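Note that the protein sequences, when read in sequence, are chains A and B. The first sequence finishes on residue 330 if you use the working numbering, and the numbering steps up by one all the way, no holes. The second sequence finishes on residue 334 if you use the working numbering, and the numbering steps up by one all the way, no holes.
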Amino acid sequence: MRYVMNRIGFFILSLWAAITINFILPRMMPGSPADAMFAKFQGQLTTTALEAMKKSYGIGDTSLWQQYVDYLHGLVTFNWGLSFMQYPTPVSDMIQASVPWTIGLVGISTLISVFVGTALGVYISWKRKGFLDNTLPVVSMAFQALPYFWVALLCVFIFGFKLDWFPMAHGYDPAITPGFTSEYILSILNHAFLPAITLILGGLSGWIVGMRNNMIYTLGEDYVTFAEAKGVKTSRLMFTYAARNAILPQLTSFAIAIGNVVSGAILTEQVFSYPGIGNQLTSAVQSQDFPMIQSSFLLIAVAVLVANLIVDLLYSRLDPRIRTGGSN
Amino acid sequence: MKTELQTSSQHNMEAPTPRRNNFTIFLGAFKPFFTNAKSATGFTIFLIFLFIAIFAPLIAPYEPSAAIYLPNLSPTADHWFGTTNTGQDIYSQFIFSARNTMIVGFGAGILSTIIGLIFGVVGGYRGGLTDSILSFVTNLFLVMPGLALLIVIQAYMTASTPFVTGLIIALTGWAWGARVFRSQTMTLANRDFISAARMSGMSSFRIMLTQICPNMMSIIAGNIMFATLGAILAEAGLAFLGFQDINSISWGTMLYWASNNAALIRGAWWWFIPPGLGIGLVGLSLVLMNFAVDQITNPRLKGQKRRKKHGRKTARA
Numbered sequence: 003m004r005y006v007m008n009r010i011g012f013f014i015l016s017l018w019a020a021i022t023i024n025f026i027l028p029r030m031m032p033g034s035p036a037d038a039m040f041a042k043f044q045g046q047l048t049t050t051a052l053e054a055m056k057k058s059y060g061i062g063d064t065s066l067w068q069q070y071v072d073y074l075h076g077l078v079t080f081n082w083g084l085s086f087m088q089y090p091t092p093v094s095d096m097i098q099a100s101v102p103w104t105i106g107l108v109g110i111s112t113l114i115s116v117f118v119g120t121a122l123g124v125y126i127s128w129k130r131k132g133f134l135d136n137t138l139p140v141v142s143m144a145f146q147a148l149p150y151f152w153v154a155l156l157c158v159f160i161f162g163f164k165l166d167w168f169p170m171a172h173g174y175d176p177a178i179t180p181g182f183t184s185e186y187i188l189s190i191l192n193h194a195f196l197p198a199i200t201l202i203l204g205g206l207s208g209w210i211v212g213m214r215n216n217m218i219y220t221l222g223e224d225y226v227t228f229a230e231a232k233g234v235k236t237s238r239l240m241f242t243y244a245a246r247n248a249i250l251p252q253l254t255s256f257a258i259a260i261g262n263v264v265s266g267a268i269l270t271e272q273v274f275s276y277p278g279i280g281n282q283l284t285s286a287v288q289s290q291d292f293p294m295i296q297s298s299f300l301l302i303a304v305a306v307l308v309a310n311l312i313v314d315l316l317y318s319r320l321d322p323r324i325r326t327g328g329s330n
Numbered sequence: 018m019k020t021e022l023q024t025s026s027q028h029n030m031e032a033p034t035p036r037r038n039n040f041t042i043f044l045g046a047f048k049p050f051f052t053n054a055k056s057a058t059g060f061t062i063f064l065i066f067l068f069i070a071i072f073a074p075l076i077a078p079y080e081p082s083a084a085i086y087l088p089n090l091s092p093t094a095d096h097w098f099g100t101t102n103t104g105q106d107i108y109s110q111f112i113f114s115a116r117n118t119m120i121v122g123f124g125a126g127i128l129s130t131i132i133g134l135i136f137g138v139v140g141g142y143r144g145g146l147t148d149s150i151l152s153f154v155t156n157l158f159l160v161m162p163g164l165a166l167l168i169v170i171q172a173y174m175t176a177s178t179p180f181v182t183g184l185i186i187a188l189t190g191w192a193w194g195a196r197v198f199r200s201q202t203m204t205l206a207n208r209d210f211i212s213a214a215r216m217s218g219m220s221s222f223r224i225m226l227t228q229i230c231p232n233m234m235s236i237i238a239g240n241i242m243f244a245t246l247g248a249i250l251a252e253a254g255l256a257f258l259g260f261q262d263i264n265s266i267s268w269g270t271m272l273y274w275a276s277n278n279a280a281l282i283r284g285a286w287w288w289f290i291p292p293g294l295g296i297g298l299v300g301l302s303l304v305l306m307n308f309a310v311d312q313i314t315n316p317r318l319k320g321q322k323r324r325k326k327h328g329r330k331t332a333r334a
C-alpha cells in the first residue's frame, strides 16, 4: 500500500512539474511571440480588440504569478486558449480534431508491433541459433537503423508515385464527405496503410530484440535450470517459467511507447501530411503558435505520466520484488 | 577478495599469462569484433565511414555548398550523384555530411550515456531520498517527449548548427538510459557480491564504479551505440523538418532540400536515396557492432549452453 501511495504522490508531483515547465518554457524564449502575432493583426483589428485579445491570452501587464494562476485555472476548466495560427479557433477544438487520427494510426501500429515483436522474440530465443534467430534480428535492426521518415519517403516514392497503389498524402480522400459510410472508412484504411506499415517496420525490431535478450537472460537463471532438470515440458518452461518474467522489462518500454502514441510519429505524419497531432505541432512551431504548442505538449506529458503510473502499479502486482523495495 | 568478485571469467581463463604486453591485450579485446561475421561487417562499414569523415576534404571532388554547376543534373561522370536544383554537387555534400553526422552522433551518444549513468547508477544504488529526487528528474525528462521537445527548443534557437543540435539531443535524451541503468543497478544491488563488497568496507562510490558499472558493461556499451543511433536519427529528423540551419551540411538537410524541391515527384532518386542510405549504413554498423559488444561482455550469449562449468569453479574458489 505504501508503494502505491508513493507512486500516486509521485505522479501528482511530476504532473505539477510538467505543467509548470510547460508554463515556463515559452516564457523563457526571447522576444514575445505574441507581439509578432499582434503585429500581424495590427491593421485589421481595433486597439480595444487587441487589448481584449492580449488579455485573453494572459499576456500584457499582469504579473508572472497572476499569469500562472490564470494558466492553471484555464487548464482545469479546459479553456486552453485560442490558436494564434487559426485565430480564433480554440486550441482544444483543433486538438480534438487531430488526436483521433493519431491515436488511430500510431496506437494501432504500436499495439501490432508490440504483440508481434514480443511473440517473435520469445520464438527466436526458443530456437536459438536457428535460421530466424540469425536473420530476423539483423533484418529488423537494419530497418531500425534506417531513418523511418526516409523509409516513409521511399514508400511514398515507390508505392505512391511509381506504382500508384496507395495515395501519397492526407488522412482520407477529400472528395468523400466524412461519415459512417463504407466508402469513407475504406478511404481512411487505404490512406493509413502506408504510414502504418512504416511505423510497424520501424518499431518491430526493438520489441523482438528486447524480448529475445530478456528471454536469454531469464533462461540463464537458476530456477529455469532447476525446472529443466526437473523435466518441465519445453513449452511450459518457455511461457510459464521464462516468458512470464522476461516480459516485465518489456512492460516499461510499453508504457513509454503508449505514452508516445500521443506525440505520435511526428515525422511520419509530416511525410504523409497525415492530419494528426504531430503535424499540428510541427506547423504550430513553424508559425510560433504558442497556445497550440503548450497544449499539445501538455497532452503528451499527461499521456506519458498516466501510462507510467498504470505500469508502475501493474508492476507492483506482477513483481513482488519491486513492492518490497530495491536496496537492502 | 576483490579480484574474485570481479571475475569477468573468460578473460582470466584464457590468459595463461606468458606476459603479453599491453598493446596485444588491447588488440585482443577487439578480437570478437573480427571473429563474428555480423560485427566484422559492422566494424568494416564503420571504419569506411570513419575514413570518409576524417578525409572528407580529400575525397569530395567539389565544395559542398558551392552552387556553381549545372542544376538538376542526373548522375554523370563529373557529378556521381547529380546536382541539386541550385547546382550543388550532391556527392560532395554526401561526403561532407558524413563528417558532421559522425561527430554529432558519437558526441551526443557518449555524453547522454554519461549523464544517464550518473543519474541511473547513483539513484538505483543509493535508493531512498536520493533515488526519489534523481528518478524524479529522470521521469521529467522522460515525460518531455524527445522529438517534440527538440522541435520546440529548435524553434527558439532558430537556425542552430548540427553541433548545437547534438548538444540539445544529449541533454534531453539521457533519461531512457538512466532508467535502464537504474533498474539494472537495483537488481545488481541485491546480489551477494555487492553485499560482500559492502561488508569488506568498500565505499559506495567505489562499489558503483568497480562493481556495478563493469557488471552492466554490455548495457552501457549498448546504450552508447543506441544513443548514438538515436542522436543521428534525431538530428536527421530535425534537419529534415527544416528546424536546423537549412544551409548546414548534413544528411538530414539534404533530405529537407530534396523533399522541398519535389525530388520525389520528379523521380530524382539520386538526390534522396544516398543521404538515407548513409544514415542507415552508419546506424546498421552501430547495431551490428553491438552484437560484438554483447559477445565480449555477456558470456551467457556466447553459446547454446547456458551454464559454464568453469563459471562454477571460479565462483567456489
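Glycine included, each C-beta is placed from N, C-alpha and C at the ideal position. For clarity, every value in this text was computed on a predicted model and none was experimentally measured.
Name the two residues that bound the continuous alpha helix (DSSP H) containing residue i.
i, result
"Arg215 of chain B", "209-216"
"Lys55 of chain B", "54-71"
"Pro78 of chain B", "Careful: Pro78 of chain B lies outside any alpha helix (DSSP H) and carries neither H nor E."
"Asn117 of chain B", "107-143"
"Ser189 of chain A", "184-221"
"Gln98 of chain A", "93-104"
"Leu188 of chain B", "179-189"
"His75 of chain A", "66-78"
"Arg199 of chain B", "192-206"
"Asp224 of chain A", "224-232"
"Tyr86 of chain B", "It is not in any alpha helix (DSSP H) - Tyr86 of chain B carries neither H nor E in the DSSP assignment."
"Ser1 of chain A", "The structure shown has nothing for residue 1 of chain A, since chain A only spans 3 to 330."
"Leu155 of chain A", "150-157"
Residues of chain A with CB under 9 Å from residue i, in chain order?
i, result
"Ser267 of chain B", "Near Ser267 of chain B there are no residues of chain A at all, since even the closest Cβ is about 12 Å away, more than 9 Å."
"Phe153 of chain B", "Phe12, Leu15, Ser16, Ala19"
"Leu67 of chain B", "Going along chain A, no residue has its Cβ under 9 Å from Leu67 of chain B, so there is no contact; the nearest lies around 16 Å."
"Asn102 of chain B", "Near Asn102 of chain B there are no residues of chain A at all, since even the closest Cβ is about 17 Å away, more than 9 Å."
Give the residues of chain A in contact with residue i, contact being defined as C-beta atoms less than 7 Å apart.
i, result
"Leu64 of chain B", "Result: empty, since nearest Cβ-Cβ is about 17 Å, beyond 7 Å."
"Ser253 of chain B", "According to the sequence as given, residue 253 of chain B is Ala; it is not Ser. Simply Pro149."
"Leu250 of chain B", "Pro149"
"Leu372 of chain B", "The requested residue 372 of chain B is not part of the displayed model; chain B covers only 18 to 334."
"Phe60 of chain B", "Per Cβ cutoff of 7 Å: no residues; Phe60 of chain B is ~15 Å from chain A at best."
Residue i versus chain B: which residues are under 8 Å apart at the beta carbon?
i, result
"Ile2 of chain A", "Residue 2 of chain A falls outside the range modelled here, since chain A spans only 3 to 330, and no answer is possible."
"Ala144 of chain A", "Gly297, Leu301, Val304"
Please list the partners that residue i has in chain B, where partner means a Cβ-to-Cβ separation under 7 Å.
i, result
"Ser111 of chain A", "Per Cβ cutoff of 7 Å: no residues; Ser111 of chain A is ~16 Å from chain B at best."
"Gln252 of chain A", "Under the 7 Å cutoff, chain B gives no residues; its nearest Cβ is about 12 Å from Gln252 of chain A."
"Gln68 of chain A", "Chain B residues near Gln68 of chain A: none, gap ~24 Å exceeds 7 Å."
Is it the case that the CB of residue i approaches a heavy atom of the ligand COA more closely than 8 Å?
i, result
"Gly205 of chain A", "As for the ligand COA, it is missing from this structure, which has no ligand bound."
At 8 Å on the CB atoms, spell out the chain A contacts of residue i, in chain order.
i, result
"Ile168 of chain B", "Ile268, Leu283, Thr284, Val287"
"Asn117 of chain B", "Those do not exist, as Asn117 of chain B stays about 15 Å from chain A at its closest Cβ, beyond 8 Å."
"Leu184 of chain B", "Result: empty, since nearest Cβ-Cβ is about 17 Å, beyond 8 Å."
Which bits of chain B does residue i rub up against, with CB to CB less than 9 Å?
i, result
"Phe163 of chain A", "Leu281, Ile282, Gly284"
Residues of the region 148-159 of chain A with Cβ closer than 9 Å to any Cβ of chain B, in chain order
So the list reads Leu148, Pro149, Tyr150, Phe151, Trp152, Val153, Leu155, Leu156, Val158, Phe159, given in the order they occur along the chain.
Listed from N- to C-terminal order along the chain, which residues in the region 286-298 of chain B have their beta-carbon within a distance smaller than 9 Å of any beta-carbon of chain A?
Listed by position, the residues of the region 286-298 of chain B near chain A (Cβ gap below 9 Å) are Trp286, Phe289, Ile290, Pro292, Gly293, Leu294, Ile296, Gly297, Leu298.
Closer than 8 Å is the cut-off here; do at least three beta carbon pairs connect the region 287-298 of chain B with the region 255-275 of chain B?
Segments in contact, yes.
Inside the region 254-324 of chain A only - alpha helix (DSSP H) runs reaching at least 4 residues:
Counting only runs of at least 4 residues, the region 254-324 of chain A fully encloses the following alpha helix (DSSP H) elements, listed from N- to C-terminal order: 268-274, 279-288, 292-320.
Using a Cβ-Cβ cut-off of less than 7 Å, list which residues of the region 268-285 of chain B approach chain A; keep chain order.
Answer in chain order: Leu272, Ser276, Leu281, Ile282.
Within 7 Å of chain B by C-beta, residues of the region 271-288 of chain A in sequence order:
The region 271-288 of chain A vs chain B, Cβ under 7 Å: Gln272, Leu283, Thr284, Val287.
Kindly provide the ranges of any alpha helix (DSSP H) runs that are 4 or more residues long and lie completely inside the region 234-318 of chain B, ordered along the chain.
Segments of the alpha helix (DSSP H) lying fully in the region 234-318 of chain B: 234-258, 268-277, 280-283, 286-314.
If contact is defined by three or more beta carbon pairs under 8 Å, each pair taking one atom from either stretch, is the region 128-148 of chain B in contact with the region 251-260 of chain B?
Two segments are said to touch when three or more pairs of C-beta atoms, one from each, lie closer than 8 Å; by this definition the region 251-260 of chain B does not touch the region 128-148 of chain B.
With three or more beta-carbon pairs closer than 8 Å as the criterion, would you say the region 294-303 of chain A touches the region 94-114 of chain A?
Put simply, the region 294-303 of chain A touches the region 94-114 of chain A. At least three CB pairs are less than 8 Å apart.
Taking three-plus beta-carbon pairs below 8 Å as touching, is the region 201-218 of chain A in contact with the region 102-116 of chain A?
Yes, the region 201-218 of chain A is in contact with the region 102-116 of chain A.
Count Cβ pairs between the region 236-249 of chain A and the region 175-187 of chain B that sit closer than 8 Å; are there 3 or more?
By the C-beta criterion, the region 236-249 of chain A is judged not to be in contact with the region 175-187 of chain B, since fewer than 3 inter-stretch pairs fall below 8 Å.
Would you say the region 61-77 of chain B touches the region 106-124 of chain B, given that touching needs at least three Cβ pairs under 8 Å?
Taking 8 Å as the limit for Cβ pairs, the verdict is that the region 106-124 of chain B does touch the region 61-77 of chain B.
If you measure beta-carbon to beta-carbon, which residues of the region 73-100 of chain B are closer than 7 Å to chain A?
For the region 73-100 of chain B, which is checked against every Cβ of chain A, not one residue is closer than 7 Å.
Residues within the region 214-248 of chain B neighbouring chain A, beta-carbon criterion of under 8 Å
For the region 214-248 of chain B, which is checked against every Cβ of chain A, the residues closer than 8 Å are Leu246.
Are the region 200-216 of chain B and the region 227-234 of chain B touching, with three or more C-beta to C-beta distances below 8 Å?
When Cβ pairs closer than 8 Å are counted between the two stretches, the region 200-216 of chain B is seen to touch the region 227-234 of chain B, the count reaching three or more.
In the region 115-144 of chain B, which residues sit with their C-beta less than 8 Å from some C-beta in chain A, listed in chain order?
Residues of the region 115-144 of chain B whose Cβ lies closer than 8 Å to any Cβ of chain A, in chain order: Gly141, Tyr142, Arg143, Gly144.
With contact counted as at least three CB pairs below 8 Å, one residue from each stretch, are the region 223-233 of chain A and the region 272-288 of chain A in contact?
Contact fails: fewer than three Cβ-Cβ distances are below 8 Å.
Evaluate the contact criterion for the region 122-129 of chain B versus the region 234-252 of chain B: three or more CB pairs, one atom per stretch, below 8 Å.
Counting C-beta pairs with one atom in each stretch, the region 122-129 of chain B and the region 234-252 of chain B have three or more that are closer than 8 Å, which means they touch.
Under 8 Å, with one C-beta from each stretch per pair, do the region 143-160 of chain A and the region 243-260 of chain A reach the 3-pair mark?
No: fewer than three Cβ pairs fall under 8 Å.
Three or more C-beta pairs below 8 Å linking the region 183-198 of chain A and the region 117-136 of chain A
The region 183-198 of chain A, when compared against the region 117-136 of chain A, does not touch it at the 8 Å Cβ threshold.
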